[in-house]
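A.B. asks: I'd like to ask some things about the structure below.
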Ligand SMILES: Cc1cc2nc3c(=O)[nH]c(=O)nc-3n(C[C@H](O)[C@H](O)[C@H](O)COP(=O)(O)OP(=O)(O)OC[C@H]3O[C@@H](n4cnc5c(N)ncnc54)[C@H](O)[C@@H]3O)c2cc1C
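Numbering (this note's numbering), first residue to last: 209 to 585.
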């Protein structure tokens, strides 16, 4: 019996922004046989550079590229979200025998019985299966039904996101690196996508959405003048990058407190995957990577059992939850901590800069993270 993928949107599409994928996520894509497809659309930066947004001074550097291969056994990739989405979609479409894709199918609720789960759709239709995996994002309905109403946490941070063609940038800004610019109460990150033909630029500032805007909307038009005002004391190089972006979109960043236990990942025949389980701030660039790791773990566990009929789904999903929850909680906590460090002022900022000078790459590298995903427990 094929899996059924229910998507509320009328078409598969991704909005224009970039993603970094650490070696842990690239390892999964490679394991899924998608390395050629990734190489055809991604960039593989040589380094991560950290700079002071005001003075332009270099604060730290982590070698990526070949060094990521040496240290972590896989590359560090940066790509457009639409490209990642397309390569995953094509991979699924090649397995039409195993996965049935259903668009315009918005889940309203589910009912679990001893023998299976019935997903009820908003249009009145229903779909029955052995288990339900809720990968329905930050505002997950599956989560709300499984764990009860728990409001998301507004971080008070806004992300401006835009793209710029490499050909429109001066040579110094076209380098094949991920650059993070830090200043009190804000930071800006840019990196190449589409094999270096474009750059993705994200500026995170402290603030809130204009009154009346829907925080659940994925994108809002942003006024470049607002961003320019916040960046008034930034160095010329950073302003050149920001000014090169023609169109900005705005995201309000929400998250949840880190997971508290395996019970938040799975109960009975229902499990949560990705942002539905562990939404995080994007300051470790690992939200999508953790969703990909979750999916890989589930796949490994499914490979370990043969017949659908003989699967003990509650036991399988309990193992999935045990394998994943602590790692996801740790990444959530580290992402939050990074935000505080990135936006630091006063003594914390001084301490951060000193630590980067003294500890160099050790401070920026994450072997515990990039060496993953861990095998199922
Ligand atoms: C500014 C910013 C920068 C980021 N940078 C990075 C990065 O560099 N690297 C990284 O790894 N991550 C990054 N992330 C995080 C990453 O975007 C998310 O973690 C990732 O998109 C989560 O994927 P998901 O599939 O769990 O959820 P989503 O991407 O939210 O997908 C959920 C899907 O479920 C569908 N859906 C929702 N409700 C229903 C329903 N009731 N019925 C049917 N379908 C439904 C939605 O339409 C959607 O298609 C960043 C996030 C932000 C905001």
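Built from N, CA and C at the ideal position, the CB exists for glycine as well.
Every value quoted in this text rests on a predicted model; they were computed, and no experiment measured them.
Check the DSSP bridge columns for residue 341 and list the partner residues they point to.
C.D. replies: DSSP lists 479 as partners of residue 341.
A.B. asks: Could you tell me the distance, in whole angstroms, from the CA atom of residue 370 to the CA atom of residue 584?
C.D. replies: Rounded to whole angstroms, residue 370 to residue 584 spans 38 Å at the Cα level.
A.B. asks: Please report the straight-line C-alpha distance between residue 225 and residue 566, rounded to a whole angstrom.
C.D. replies: Each residue's Cα considered, the two are about 34 Å apart.
A.B. asks: Entirely within the stretch 349-379 and at least 4 residues each: give me those alpha helix (DSSP H) ranges in chain order.
C.D. replies: 349-355, all fully within the stretch 349-379.
A.B. asks: I need the DSSP call for residue 389, collapsed to helix, strand or coil.
C.D. replies: The answer is strand: DSSP assigns residue 389 an E or B state.
A.B. asks: Assuming residue 473 contacts residue 480 under a Cβ cut-off of 8 Å, what Cβ separation, rounded to an integer in Å, is found between them?
C.D. replies: Contact holds; Cβ gap of about 6 Å.
A.B. asks: Is residue 344 near ligand 1, in the sense that its beta carbon is under 7 Å from a heavy atom of that ligand?
C.D. replies: Indeed, a heavy atom of ligand 1 lies less than 7 Å from the Cβ.
A.B. asks: Go ahead and label residue 441 buried or exposed: buried means 16 or more other beta carbons lie within 10 angstroms of its beta carbon, across all protein chains shown.
C.D. replies: Label assigned to residue 441: exposed.
A.B. asks: Cα-Cα, which of 447, 557, 342, 245 is closest to residue 292?
C.D. replies: Closest by alpha carbon: 245.
A.B. asks: Would you check if the distance between the CB atom of residue 546 and the CB atom of residue 461 is smaller than 8 Å?
C.D. replies: Their beta carbons are not under 8 Å apart, which means residue 546 does not touch residue 461 by this criterion.
A.B. asks: Taking only the alpha-carbon atoms, compute the straight-line gap between residue 233 and residue 252 and give it to the nearest angstrom.
C.D. replies: Going from the Cα of residue 233 to the Cα of residue 252 covers about 13 Å.
A.B. asks: What whole-angstrom Cβ distance do residue 397 and residue 386 have, given they're in contact under 8 Å?
C.D. replies: Correct: roughly 7 Å between the Cβ atoms.
A.B. asks: Let me check you understand the geometry: is the CB of residue 291 closer than 7 Å to at least one non-hydrogen atom of ligand 1?
C.D. replies: No, ligand 1 has no heavy atom inside 7 Å of this Cβ.
A.B. asks: DSSP state of residue 445, grouped into three classes?
C.D. replies: If DSSP states are grouped into helix, strand and coil, residue 445 belongs with the helices.
A.B. asks: Got a sec, what are the start and stop residues for the alpha helix (DSSP H) residue 236 sits in?
C.D. replies: Per DSSP, residue 236 belongs to the alpha helix (DSSP H) from 231-239.
A.B. asks: With a cut-off of 8 Å, do at least 3 Cβ pairs link the stretch 292-302 to the stretch 315-327?
C.D. replies: No, they do not touch.
A.B. asks: Answer yes if the stretch 532-548 comes into contact with the stretch 482-496, meaning at least three C-beta pairs across the two stretches below 8 Å, and no otherwise.
C.D. replies: Output reads yes: the stretch 532-548 touches the stretch 482-496.
A.B. asks: Please specify which runs of the alpha helix (DSSP H), each continuous and at least 4 residues long, are wholly inside the stretch 241-309, giving them in chain order.
C.D. replies: Fully enclosed alpha helix (DSSP H) runs of 4 or longer: 243-247, 273-280, 289-301.
A.B. asks: Shorter than 7 Å, the distance from the beta carbon of residue 483 to the closest heavy atom of ligand 1, or not?
C.D. replies: Yes, since a heavy atom of ligand 1 falls inside the 7 Å radius drawn around the Cβ of residue 483.
A.B. asks: Might you give, ordered along the chain, the residues of its own chain that have their beta carbon closer than 8 Å to the beta carbon of residue 325, omitting 5 neighbours on each side?
C.D. replies: Once the five neighbours on either side are set aside, the close Cβ partners of residue 325 are 318, 319, 336, 337, 338, 339, 340, 477, 478.
A.B. asks: Just curious, the beta strand (DSSP E) that residue 319 is in, first and last residue?
C.D. replies: Looking at the DSSP string, the run of the beta strand (DSSP E) that includes residue 319 is 315-321.
A.B. asks: With distances taken from CA atoms, which of 230, 434, 315, 535 is nearest residue 366?
C.D. replies: Nearest option by C-alpha distance: 434.
A.B. asks: So, for residue 217: in the same chain, excluding its five sequence neighbours on each side, which residues have a beta-carbon less than 7 Å away from its beta-carbon?
C.D. replies: Excluding residues within five positions, the ones whose Cβ falls inside 7 Å are 311.
A.B. asks: Please classify residue 543: does DSSP put it in a helix, a strand, or coil?
C.D. replies: DSSP places residue 543 in helix when its eight states are reduced to three.
A.B. asks: Check whether the Cβ atoms of residue 309 and residue 213 sit closer than 8 Å, and answer yes or no.
C.D. replies: Yes; because the gap between Cβ atoms is below 8 Å, this pair is in contact.
A.B. asks: Below 8 Å on the Cβ atoms is my guess for residue 407 versus residue 446; work out the distance and round it to an integer in Å.
C.D. replies: About 13 Å; that fails the 8 Å criterion.
A.B. asks: Is any non-hydrogen atom of ligand 1 found closer than 7 Å to the C-beta of residue 495, if you look at the structure I gave you?
C.D. replies: True, at least one ligand heavy atom lies under 7 Å from that Cβ.
A.B. asks: Should residue 314 be labelled buried (16 or more other beta-carbon atoms within 10 Å of its own) or exposed?
C.D. replies: So residue 314 ends up on the exposed side.
A.B. asks: Examine ligand 1 and report whether any of its heavy atoms sits within less than 7 Å of the Cβ of residue 313.
C.D. replies: Correct: residue 313 has its Cβ closer than 7 Å to ligand 1.
A.B. asks: Could you tell me the distance, in whole angstroms, from the CA atom of residue 429 to the CA atom of residue 510?
C.D. replies: Computed Cα separation, rounded: 42 Å.
A.B. asks: Spatial neighbours of residue 505 within its chain, please: CB distance less than 7 Å, with the 5 preceding and 5 following residues excluded, ordered by chain position.
C.D. replies: Taken in chain order, the residues that qualify are 528, 531, 532, 581, 584.
A.B. asks: Start and end of the alpha helix (DSSP H) containing residue 561?
C.D. replies: Element bounds for residue 561: 554-567.
A.B. asks: In the DSSP assignment, what are the bridge partners of residue 463?
C.D. replies: Note: residue 463 sits in a beta bridge opposite 361.
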